[in-house]
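What follows is a short report on a single structure.
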Amino acid sequence: MYTELEHKRQLIEDLELIEHAVIKRIRHNPQIYKPRDTRLNHDVLIENPKIDESITLLQQHEVQKLLDKYEAERKVLLELLNDEDSILHDLKVLKDPQFENGIFTRFVEECLSIEPSTTEIKDHEIYDMFSSNSAYPEIKKKIKSLENMEIPEDDKQFKRLVKQHQKKTKTDKFNILCSYASDLKLSKIVTSSERNGKRLDLKSSYSEFLTLPRFKPLNEIPKYKHYLKSLGLRDINVRIETPEYFNYLKRLSDYLNGYIQRAYPLVLPLTDNSRQTQLERNTCLACNKKFKLQTTYDAHLKGKKHKKNMEKFKPVLELENEINRLLSILQKQLDETINEVERIELLTVRERELEKNNKQIQSDIISLHSIYGDPSLNIDISDDENDDDDLVTGIEVDGQRIPFWLYKLKGLGHEFKCEICLGVYHGRASYLRHFQEQSHTDSLKDLGVVYGFEQFKGIETKEGVLKLWDTIKRKKMEETAFLEEVEEVEDEEGNAMSTKVYELLKKQGLL
1 MYTELEHKRQ
11 LIEDLELIEH
21 AVIKRIRHNP
31 QIYKPRDTRL
41 NHDVLIENPK
51 IDESITLLQQ
61 HEVQKLLDKY
71 EAERKVLLEL
81 LNDEDSILHD
91 LKVLKDPQFE
101 NGIFTRFVEE
111 CLSIEPSTTE
121 IKDHEIYDMF
131 SSNSAYPEIK
141 KKIKSLENME
151 IPEDDKQFKR
161 LVKQHQKKTK
171 TDKFNILCSY
181 ASDLKLSKIV
191 TSSERNGKRL
201 DLKSSYSEFL
211 TLPRFKPLNE
221 IPKYKHYLKS
231 LGLRDINVRI
241 ETPEYFNYLK
251 RLSDYLNGYI
261 QRAYPLVLPL
271 TDNSRQTQLE
281 RNTCLACNKK
291 FKLQTTYDAH
301 LKGKKHKKNM
311 EKFKPVLELE
321 NEINRLLSIL
331 QKQLDETINE
341 VERIELLTVR
351 ERELEKNNKQ
361 IQSDIISLHS
371 IYGDPSLNID
381 ISDDENDDDD
391 LVTGIEVDGQ
401 RIPFWLYKLK
411 GLGHEFKCEI
421 CLGVYHGRAS
431 YLRHFQEQSH
441 TDSLKDLGVV
451 YGFEQFKGIE
461 TKEGVLKLWD
471 TIKRKKMEET
481 AFLEEVEEVE
491 DEEGNAMSTK
501 VYELLKKQGL
511 L
């Protein structure tokens, strides 16, 4: 008596449950999904500031897992709806004389033979938030009390009511995941160094980069921050023909690809592909060679040696291009990583130890009040409580609460002003970091600076910038004049020589 109609009904019901589950999550936490097209983002939903970015990332992966199941079940449903054999079978079963006469004895017996579920979580609750917890029946009651909380007209009375609920649910923290996605763990998605998809962890790639075969040994080992700033640019001292270099690129590409999938499970950010052309000028990647003059470089591109190397090193060039494409997507994370490395360098040994001790641990749990409280109210009742924690804490530049003595130690109460970008910064570390930001670079461009922005770090007056820029331009003109006297060209085999020697050999017929 089995028909595919019941299977189809179950699939449709499950699809509706998944749709409802995804909508409910986005309604409570709008940060889960933001469309790439800003015209589609109407900002109708209010963001909940109580939900940590780690919980948002975890829920994004949960939603992606639900969407994967939704797509798989949708395909099965479409196949069943288009299967003519199953439709004919269903019609034949439904034309049974017993059904036409209204006798459903056999059907009732089959229903009674189904054993009831022994689990406390019902089938339609496997997609509910917090259903992965063993105490979900009790959690449901607490959620219901929060959702049905009456809002009195008196503000003071409402504050007292919210305060009572907060005290009751202060220790009530549970895993936010549903039963279906209970296997997800934040520690398996991102590491502590990756800061919930905000930074990159490239220290292993950096160590591998230092051991690559080179034409000349390193005179000075580059720092980690210098490696990050030059990431995507070719080091012409590295032997690109070695398997070590290819394996290094492959592992770096795999990490960046995996990181994108972990940091952006739902929607990729808008990217700027201009990074793929940000290579050193007059540098031939196929031949791993840098030329001083544009004319020499243009002549080299037409040579046989260059075309041969283009075919020989095609896999390496493709990997390098892929890495630059991935870095264009992760430009925000790369900049944040560089800023964090520079910030840590400015800390004293004592401050670094204190940061390690006060380091926040990634957690998959959250209080019920943070999810089911009304974010539009945004009530702060800490002043009424007069807690000791509020008396000894200050606010870090990035909004995190830190001990007040550490706030004083970092000098966050002191203001630093920059005449160039007209910015005001709290604390010397924040002030020094702003020289690397795009806003400061744009202000330098407005003053006429077009390259060498790192040389202007620490200069805070317009007069100092203009004076240094005049010096840089003068040295550049002197260097250009010198290079013009020793201009080089290449013959068909790629041998470099001065223009004077090339003309003499050409006249003698030796080329």
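Mapping the sequence shown onto UniProt numbering, position 401 (from 1) lands on 401, and the numbers just tick up by one.
Just so it is clear, CB atoms sit at the ideal spot from N, CA and C, and this is done for glycine as well.
DSSP bridge partner residues for residue i (one or two, in chain order)
i: Ala496; result: Glu490
i: Glu415; result: His426
i: Lys289; result: Cys284
Chain-order list of residues whose beta-carbon lies under 6 Å from that of residue i (same chain, five-residue window excluded)
i: Ile126; result: Ser179, Tyr180
i: Ser376; result: Only weak support is given to the placement of Ser376: the predicted model assigns it a pLDDT of 44, under 50, and the question is left unresolved by the model.
i: Tyr425; result: Phe416, Tyr431, His434
i: Leu447; result: Val465
i: Lys50; result: Ser370
i: Lys142; result: Leu368
i: Tyr297; result: Asn282, Phe291
i: His28; result: Ile371
i: Pro97; result: none
Own chain residues within Cβ distance below 8 Å of residue i, not counting five before or after
i: residue 513; result: An answer regarding residue 513 cannot be provided, because it is not within the stretch 1 to 511 covered by the chain.
i: Ile260; result: Leu268, Leu326, Ile329, Leu330
i: Lys229; result: Ile338
i: Arg25; result: Ile32, Gln59, Glu62, Val63, Met129
i: His414; result: His426, Gly427, Arg428
i: Glu493; result: Gly303, Lys304, Lys305
i: Lys332; result: Pro269
i: Asp90; result: Thr3, Glu4, Leu5
i: Ser423; result: According to the sequence as given, residue 423 is Gly; it is not Ser. Once the five neighbours on either side are set aside, the close Cβ partners of Gly423 are Lys417, His434, Ser439, His440.
Close Cβ partners of residue i (< 7 Å) along its chain, the five nearest in sequence each way excluded
i: His18; result: According to the sequence provided, residue 18 is Ile. The question's His does not apply to it. Excluding positions up to five away in sequence, the list reads Leu66, Lys69, Tyr70, Tyr127.
i: Lys191; result: Here residue 191 is Thr; the residue named in the question, Lys, does not match the sequence. Excluding residues within five positions, the ones whose Cβ falls inside 7 Å are Asp201.
i: Leu346; result: Ala429, Leu432
i: Lys475; result: none
i: Thr471; result: none
i: Asn41; result: Lys34, Pro35
i: Asp14; result: Glu73
i: Leu227; result: Reading off the sequence, residue 227 comes out as Tyr, not Leu. If we look at Tyr227 and ignore the five residues flanking it on each side, its Cβ neighbours are Tyr206, Phe209.
i: His124; result: Leu17
i: Asn148; result: none
i: Ser443; result: Ile420, Cys421
i: Glu460; result: Cys418, Glu419, Ile420
Residue interval of the beta strand (DSSP E) (run including residue i)
i: Ser367; result: 365-367
Residue i CB to nearest heavy atom of the ligand PLP below 7 Å
i: Glu419; result: You won't find the ligand PLP in this model; it holds no ligand whatsoever.
Opening and closing residue of the alpha helix (DSSP H) in which residue i lies
i: Val316; result: 314-329
i: Glu353; result: 349-357
i: Ser145; result: 136-147
i: His124; result: First-last for His124: undefined, no H or E at that position.
i: Gln508; result: First-last for Gln508: undefined, no H or E at that position.
i: Leu268; result: From DSSP, Leu268 is part of no alpha helix (DSSP H); its letter is neither H nor E.
i: Thr3; result: Careful: Thr3 lies outside any alpha helix (DSSP H) and carries neither H nor E.
i: Gln455; result: Run containing Gln455: none; DSSP gives neither H nor E here.
i: Thr296; result: 294-301
Cβ-Cβ separation, residue j to residue i (assumed contact under 8 Å), whole Å
i: Ala299; j: Val449; result: So it is not a contact: roughly 32 Å between Cβ atoms.
i: Arg199; j: Glu340; result: 6 Å
i: Val465; j: Phe453; result: With 8 Å as the limit, Val465 and Phe453 do not qualify as a contact, their Cβ atoms being about 10 Å apart.
i: Gln64; j: Pro265; result: 4 Å
i: Leu184; j: Leu58; result: 7 Å
i: Leu233; j: Leu285; result: Contact flag wrong, Cβ pair sits at about 10 Å.
i: Pro137; j: Phe246; result: About 56 Å separates the two Cβ atoms, so there is no contact after all.
i: Ser132; j: Ser182; result: 4 Å
i: Ile366; j: Ile176; result: 5 Å
i: Val238; j: Leu212; result: 5 Å
i: Val93; j: Thr3; result: 5 Å
i: Leu77; j: Ser86; result: Between Ser86 and Leu77 the Cβ distance is about 12 Å, and since that is not below 8 Å, they are no contact.
Only counting runs of 3 or more residues, tell me where the beta strand (DSSP E) segments fall wholly within the UniProt domain "C2H2-type" (418-440), in order along the chain.
424-426
Segments assigned alpha helix (DSSP H), at least 4 residues, entirely inside the region 24-105
53-81, 84-94, 97-100
Of all the beta strand (DSSP E) runs that stay within the bounds of the region 173-261, which reach a length of 3 or more residues?
173-175
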